[in-house]
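Protein chains in written order, with this note's numbering: chain A, 112 to 239; chain B, 156 to 520.
Structure, rendered in structure tokens:
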């Protein structure tokens, strides 16, 4: 059983979304996703300022054996990137919802909002 | 149509230990126990255990065994002493020289051999072997399901095995083979492996695999999955069928020319084509690549010169825990295959600098 915090929203492609007090959203990958990937050793994230569309590939996460693309669960502009993950990608395995966050996005519109899952929805999505 | 996956005699042991089980070459196999990095570390520093019972094991017996294997394998099987007790790495090749499979041939006695083949090729190899057996006095027995095969690998492997054995197995040479009683089970221990570390592969009865495995775990062996095995073999520069070679690849373009003994007295499958291949300058060469940055090369990625000219592709790639870098084997145009050359691996449309380095990336045996 993986950890699925109740206060986050989720995508079917295993990203989590947290709405911050300033209205931006923080995005990372779920505990289930990091567990499925195994030891994460490499990460590619977008530059601050890049505008990403809903469901667009915004980066790549790689474990020793697998490559997995990251799909944006929202549409907007990247306003922050978690640089502390460079050379410390295992942080994503250890703390997927806190220190392992990946990007912060300022929403452009509500695209994709209706596609997002609640914690319960995600839980049944991954069969837990 | 779904064929049900095969299970080794250790399947329930893996399941009970919470290993992650995945389909592999028609078998349901553990890809990892605790994690690939953790398991690589265990094998590089201490000792790891691998269930490799999915690999095919074919016993060849009869007065024609040696001649039969000489006619199929590219190596000189007669170099294995008649009394038995050793093995050699070899290839089965098509008449056109393409590689059917890479195998290990062990000689147990004058007229008794065991051929170990890749799980993914077992049916194909068996068919090939049967189709070529009519002219010889031989019997072929597929013993894959009746036996287990456990690899014990790492710097502590030999000491650990000796502590459980009634023999001094540390005296066995590389590719040597000996019967022994190990933790109560009759096994055949072969001093070989696929990790770049010292160790053994243990052939046992299928119904004794679990007790043997448990004894090896109790003695300090760390259960490892096929994920770490693949990373370990890549670091050790060891080829994997379907990646570094296949039916379309010449052994000479897969760094496997050394296995081919054109001078052996007997004709063998592929000999004519292999003679021609050897006489012709190699178009492609298999090389080691180490990335300059942190991006990870993967199978199929294009390899190009710094000017952007396509020169080949990656055959296997991974993150190397020992080098802490992305490493790969790649088949590239021979003109660009010089060690030290700077090339680029195209990763998601972006060229990343890499350098040709000597193989293996790491080896401790």
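Yeah, the Cβ is synthetic: ideal placement off N, Cα and C, and Gly gets one too.
As the structure is a computational prediction, the values presented were derived from the model and not from experiment.
Determine whether the Cβ of residue i lies closer than 8 Å to any Cβ atom of chain B.
i: residue 166 (chain A); result: no
i: residue 182 (chain A); result: no
i: residue 150 (chain A); result: yes
i: residue 114 (chain A); result: no
i: residue 229 (chain A); result: no
i: residue 171 (chain A); result: yes
i: residue 153 (chain A); result: yes
i: residue 192 (chain A); result: no
i: residue 219 (chain A); result: no
i: residue 189 (chain A); result: no
i: residue 176 (chain A); result: yes
Identify every residue that forms a DSSP beta bridge with residue i.
i: residue 140 (chain A); result: A:126
i: residue 206 (chain B); result: B:305
i: residue 182 (chain B); result: B:161, B:179
i: residue 428 (chain B); result: Looking at the DSSP assignment, residue 428 (chain B) forms no beta bridge with any residue, so it has no partner.
i: residue 443 (chain B); result: B:484, B:512
i: residue 268 (chain B); result: B:215, B:262
i: residue 217 (chain A); result: A:188
i: residue 343 (chain B); result: B:334, B:358
i: residue 294 (chain B); result: B:216
i: residue 320 (chain B); result: B:337
i: residue 423 (chain B); result: Answer is none; residue 423 (chain B) lacks a bridge partner.
Taking residue i and residue j to be in contact with their CB atoms under 8 Å, please state how far apart those CB atoms are, rounded to whole angstroms.
i: residue 240 (chain A); j: residue 216 (chain A); result: This structure leaves residue 240 (chain A) out entirely; chain A is present only between 112 and 239.
i: residue 306 (chain B); j: residue 351 (chain B); result: At roughly 12 Å, the Cβ-Cβ gap does not stay under 8 Å, so residue 306 (chain B) and residue 351 (chain B) are not in contact.
i: residue 376 (chain B); j: residue 165 (chain B); result: Actually they are not in contact, since the Cβ atoms of residue 376 (chain B) and residue 165 (chain B) sit about 13 Å apart, beyond 8 Å.
i: residue 174 (chain B); j: residue 187 (chain B); result: 7 Å
i: residue 386 (chain B); j: residue 177 (chain B); result: Wrong, their Cβ atoms sit about 15 Å apart, outside the cutoff.
i: residue 182 (chain A); j: residue 166 (chain A); result: 6 Å
i: residue 513 (chain B); j: residue 443 (chain B); result: 6 Å
i: residue 345 (chain B); j: residue 242 (chain B); result: 6 Å
Any beta carbon from chain A within less than 8 Å of residue i's own beta carbon?
i: residue 191 (chain B); result: yes
i: residue 503 (chain B); result: yes
i: residue 179 (chain B); result: no
i: residue 435 (chain B); result: no
i: residue 197 (chain B); result: no
i: residue 205 (chain B); result: no
i: residue 516 (chain B); result: no
i: residue 384 (chain B); result: no
i: residue 451 (chain B); result: yes
i: residue 170 (chain B); result: no
i: residue 350 (chain B); result: no
i: residue 430 (chain B); result: no
i: residue 341 (chain B); result: no
i: residue 470 (chain B); result: no
i: residue 499 (chain B); result: no
i: residue 187 (chain B); result: yes
i: residue 166 (chain B); result: no
i: residue 473 (chain B); result: yes
For residue i and residue j, I'd like the C-alpha separation in whole angstroms.
i: residue 285 (chain B); j: residue 212 (chain B); result: 14 Å
i: residue 229 (chain B); j: residue 408 (chain B); result: 15 Å
i: residue 508 (chain B); j: residue 433 (chain B); result: 32 Å
i: residue 133 (chain A); j: residue 197 (chain A); result: 26 Å
i: residue 151 (chain A); j: residue 176 (chain A); result: 9 Å
i: residue 246 (chain B); j: residue 224 (chain B); result: 11 Å
i: residue 497 (chain B); j: residue 447 (chain B); result: 10 Å
i: residue 378 (chain B); j: residue 196 (chain B); result: 12 Å
i: residue 481 (chain B); j: residue 473 (chain B); result: 6 Å
i: residue 200 (chain B); j: residue 311 (chain B); result: 8 Å
i: residue 216 (chain B); j: residue 179 (chain B); result: 30 Å
i: residue 366 (chain B); j: residue 164 (chain A); result: 56 Å
i: residue 374 (chain B); j: residue 207 (chain B); result: 19 Å
i: residue 222 (chain A); j: residue 214 (chain A); result: 18 Å
i: residue 239 (chain B); j: residue 501 (chain B); result: 48 Å
i: residue 414 (chain B); j: residue 244 (chain B); result: 7 Å
i: residue 202 (chain B); j: residue 391 (chain B); result: 16 Å
i: residue 140 (chain A); j: residue 153 (chain A); result: 14 Å
i: residue 471 (chain B); j: residue 131 (chain A); result: 42 Å
i: residue 264 (chain B); j: residue 205 (chain B); result: 27 Å
i: residue 293 (chain B); j: residue 388 (chain B); result: 33 Å
i: residue 212 (chain A); j: residue 158 (chain B); result: 41 Å
i: residue 372 (chain B); j: residue 336 (chain B); result: 17 Å
i: residue 198 (chain B); j: residue 308 (chain B); result: 6 Å
Please indicate yes or no: does the CB of residue i lie closer than 7 Å to some heavy atom of the ligand NAP?
i: residue 164 (chain B); result: Ligands in the displayed structure: none, and consequently the ligand NAP is not present.
For the segment 141-150 of chain A and the segment 171-178 of chain A, state whether three or more C-beta atom pairs, one from each stretch, are separated by less than 8 Å.
-> yes
Give a yes or no on contact between the segment 443-461 of chain B and the segment 265-285 of chain B, applying the rule of three or more CB pairs nearer than 8 Å.
-> no
Within the chosen definition, does the segment 353-364 of chain B reach the segment 474-486 of chain B through at least 3 CB pairs nearer than 8 Å?
-> no
Counting Cβ pairs closer than 8 Å, one from the segment 492-500 of chain B and one from the segment 320-328 of chain B, do we hit at least three?
-> no
Counting Cβ pairs, one atom from each stretch, are 3 or more of them under 8 Å apart for the segment 254-262 of chain B and the segment 274-281 of chain B?
-> yes
Is the segment 116-123 of chain A touching the segment 225-233 of chain A, taking contact as three or more C-beta pairs under 8 Å?
-> yes
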